[in-house]
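For reference, the structure is listed below as structure tokens.
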Ligand SMILES: *[C@@H]1O[C@H](CO)[C@@H](O)[C@H](O)[C@H]1NC(C)=O
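Numbering (full-length UniProt numbering), first residue to last: 1 to 223.
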């Protein structure tokens, strides 16, 4: 009787020990899984917002030569593969506030010039605009302080061409930005000559960045 009871309780202890051991293994493997798979491959956020500012050397207009600062908000949608940039009224007086969308899926860029309340659409230039994933990495590094933005400006000239009436062909992101606004296509001006004074009155300027440098997009009406 005595030995039977002790062997029974021995089996109980053994089972309990095994259960504790198994639970321990389960928790340990969950921890290892989380440590290796979640910290090694961090989940990219679906939507990230960055408030950015850069200092740049303004070499375009001699009277304004010197250091200027440009601020903008950048929203990056990695899954949908597009970027939205909001440029508030800038420090540089000659430039317009704007909302810009770079849609990498459609290969299109849209500028909404807020001062004119007009939209302009052109093919996305991938040598100027970083794709969402790369831009996200750049801005994360800027935030961490590993890369200090102190940069330069380049200029691109566009000519307004035809009016866009079928807005839906521009994809849903640009459609959302531009619907209800007068929308035109742009063509890049290839000629190297400088804009003359008569033409300059027909041009609007938008300064923005989506790379390591600032871009001034000059949008000119045909004379
Ligand atoms: C993209 O921009 C660069 C720099 O302004 C320019 O040299 C190039 O011709 C552009 N490419 C297209 C396809 O517009």
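Just so it is clear, CB atoms sit at the ideal spot from N, CA and C, and this is done for glycine as well.
If you measure from the CB of residue i, is any heavy atom of ligand 1 nearer than 7 Å?
i, result
"residue 128", "yes"
"residue 125", "yes"
"residue 216", "no"
"residue 156", "yes"
"residue 106", "no"
"residue 188", "yes"
Just verifying my parser: in three-state terms, what is the DSSP assignment at residue i?
i, result
"residue 91", "coil"
"residue 48", "strand"
"residue 24", "helix"
"residue 217", "strand"
"residue 185", "strand"
"residue 61", "coil"
"residue 169", "helix"
"residue 16", "helix"
"residue 110", "strand"
"residue 200", "helix"
Sorted by chain position, which residues of the same chain lie with C-beta nearer than 8 Å to residue i's C-beta, five sequence neighbours on each side aside?
i, result
"residue 46", "77, 78 and 79"
"residue 162", "184 and 185"
"residue 118", "112, 181, 182, 183 and 184"
Relative to the alpha-carbon of residue i, which residue among the options has its alpha-carbon at the smallest distance?
i, options, result
"residue 203", "115, 167, 16 and 30", "115"
"residue 155", "190, 174, 164 and 165", "190"
"residue 132", "102, 72 and 120", "102"
"residue 222", "200, 214 and 205", "200"
"residue 90", "213, 206 and 129", "206"
"residue 171", "108, 150, 127 and 187", "108"
"residue 130", "213, 32 and 31", "213"
"residue 153", "143, 134, 66 and 177", "66"
"residue 82", "25, 6 and 174", "174"
Please classify residue i: is it buried, with 16 or more other beta-carbons within 10 angstroms of its beta-carbon, or exposed?
i, result
"residue 159", "buried"
"residue 210", "buried"
"residue 13", "exposed"
"residue 110", "buried"
"residue 106", "buried"
Less than 7 Å between C-beta atoms, sequence neighbours within five positions excluded: which residues of the same chain meet that for residue i?
i, result
"residue 88", "71 and 97"
Who are the Cβ neighbours of residue i in its own chain at under 6 Å, not counting the five residues just before and after it?
i, result
"residue 157", "189 and 218"
"residue 139", "50"
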